[in-house]
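Novice: I'd like to ask you about the structure that follows.
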Ligand code: CP
Ligand code: NVA
């Protein structure tokens, strides 16, 4: 039984298989001969908002021949206190796979353990693996192999997106630099455990020097809304904008996992100048996740 619960738990070969297959899935989109989910019904259980992840999985599961049901966690008995392990055992007897977006990483792991069906982490507070697989696929599609390149993350270095980048850097052999205020840097133990070539700094200019990819995410992740005012102060100097891009390599890509907050983590002219990359990145969620689904059931 395969799951996709985190980049941490994946081996490099599986990530590479998915990345290769994502190109095939993109090229062959709409090929009705390839329906690895035919006869299957997948459940999507979301406790947090979503545009890209929800739509790309709903479309992808249908295109691969499956049916999908979207279940808001609040509408399930889960929201009234039914234990997750009971919910998992019930769904595991009825559906063929689950895509879960929630807060605690331990919840997706518990669901996978008790349901006995392939389970995908569609974002937790700890990781956003489908996003980072997509981002690497997008980088490689536009610029070639990511191995040996310099990826610079600017912003909240302690949230799910940079944590998935940390694990990916170690497995796929690229250099990762994280520029974040002291209060929002990733845990040093995690960096050490990953074994990757990773530097963490408070200086976004130094981090951007000679980078091949400049990447950012929201300053206020879902669940952190109460800290919004403080975070806006903390992150004021951590914006991707033209002066920062000038420090990167001439052909550096700019990516944002979206949703974007113009004037905060990225300015409007920069987002629009790099819109083609950023919305290709968003589209590629569909193709990369179709490759993930294919890998899970094969
Ligand atoms: N990037 C991303 O996961 O977007 P959504 O929150 O809209 O799914
Ligand atoms: N770090 C962000 C990612 C959104 C796709 C969050 O968790 O809200």
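Numbering (the working numbering), first residue to last: -17 to 280. Even glycine gets a Cβ: it sits at the ideal position worked out from N, Cα and C. Keep in mind it's a predicted model, so treat the numbers as computed, not measured.
Could you give the DSSP three-state label for residue 93: helix, strand or coil?
Specialist: Residue numbering aside, residue 93 sits at position 111 when the chain shown is read from its first letter. Note: residue 93 maps to helix in three-state DSSP.
Novice: Apart from the five residues on each side of it in sequence, which residues of its chain come closer than 6 Å, Cβ to Cβ, to residue 280?
Specialist: Position 298 of the chain shown, counted from the start, is the residue given in the question as residue 280. So the list is empty, once near-sequence residues are dropped.
Novice: DSSP three-state call for residue 197: helix, strand or coil?
Specialist: Along the chain shown, one-based indexing puts residue 197 at 215. Three-state result, residue 197: strand.
Novice: Can you tell me whether residue 120 is buried or exposed? The criterion is at least 16 other CB atoms within 10 Å of its CB, across all chains shown.
Specialist: The residue labelled residue 120 in the question sits at position 138 within the chain shown. Answer is buried; the Cβ neighbour count reaches 16.
Novice: Check whether the segment 226 to 233 and the segment 88 to 107 are in contact - that is, three or more C-beta pairs closer than 8 Å.
Specialist: no
Novice: Got a sec? Which residues, its chain only, sit under 7 Å from residue 152 by beta carbon, not counting five neighbours each side?
Specialist: As a working note, residue 152 is residue 170 in the chain shown. Result list for residue 152: 176, 177 and 178, in chain order.
Novice: Here's the rule I'm using: 16 or more other beta-carbon atoms within 10 Å means buried, otherwise exposed. How should residue 338 be labelled?
Specialist: This structure cannot speak to residue 338, because the chain is shown only from -17 to 280.
Novice: Measure the Cβ-Cβ separation of residue 240 and residue 34 and say whether it is below 8 Å.
Specialist: Locating residue 240 in the chain shown gives position 258, counting from the first residue. Locating residue 34 in the chain shown gives position 52, counting from the first residue. Annotated as proximal: residue 240 and residue 34, with beta-carbon spacing under 8 Å.
Novice: Work out the CA separation of residue 266 and residue 8 for me, nearest whole Å.
Specialist: To locate residue 8, count along the chain shown from 1; it is residue 26. To locate residue 266, count along the chain shown from 1; it is residue 284. Our two residues, residue 8 and residue 266, have alpha carbons roughly 8 Å apart in a direct line.
Novice: With three or more C-beta pairs closer than 8 Å as the rule, is the segment 180 to 197 touching the segment 134 to 147?
Specialist: yes
Novice: Do the segment 35 to 53 and the segment 262 to 277 touch if we need at least three Cβ pairs shorter than 8 Å?
Specialist: yes
Novice: Quick one: residues in its chain with C-beta nearer than 6 Å to the C-beta of residue 79, no 5 flanking neighbours on either side, listed in chain order?
Specialist: As a first step, residue 79 must be located in the chain shown, where it is residue number 97. Here the set comprises 24, 99 and 100.
Novice: Name the DSSP bridge partner or partners of residue 248?
Specialist: For the purposes of this step, residue 248 is taken as residue 266 along the chain shown, with counting starting at 1. Paired residue(s): 222 and 244.
Novice: Can you determine whether any heavy atom of the ligand NVA sits closer than 7 Å to the C-beta of residue 77, and answer yes or no?
Specialist: For the purposes of this step, residue 77 is taken as the residue at position 95 of the chain shown. Incorrect: residue 77 has no Cβ contact closer than 7 Å to the ligand NVA.
Novice: Is residue 112 near the ligand NVA, going by C-beta to nearest heavy atom under 7 Å?
Specialist: Locating residue 112 in the chain shown gives position 130, where the first residue counts as 1. Residue 112: no, Cβ never under 7 Å from the ligand NVA.
Novice: I'd like to check one pair, residue 128 with residue 118: are the Cβ atoms closer than 8 Å?
Specialist: For this step, residue 118 is matched to residue 136 along the chain shown. For this step, residue 128 is matched to residue 146 along the chain shown. Yes.
Novice: Below 8 Å on the Cβ atoms is my contact criterion, and I expect residue 149 with residue -11 to pass it. Report the Cβ-Cβ distance as a whole number of Å.
Specialist: Here residue 149 is taken as the residue at index 167 of the chain shown, counted from 1. Here residue -11 is taken as the residue at index 7 of the chain shown, counted from 1. Residue 149 to residue -11, Cβ: 4 Å. Contact.
Novice: Can you list, in chain order, the residues of its chain with a C-beta nearer than 6 Å to that of residue 49? Leave out the 5 residues immediately preceding and following it.
Specialist: Working through the chain shown from its first residue, we reach residue 49 at position 67. Within the same chain, residue 49 has close Cβ partners 23.
Novice: In chain order, what residues of the same chain have a beta carbon less than 8 Å from the beta carbon of residue 18, not counting five sequence neighbours either side?
Specialist: The residue given as residue 18 occupies position 36 in the chain shown. Taken in chain order, the residues that qualify are 46, 47, 275, 276, 279 and 280.
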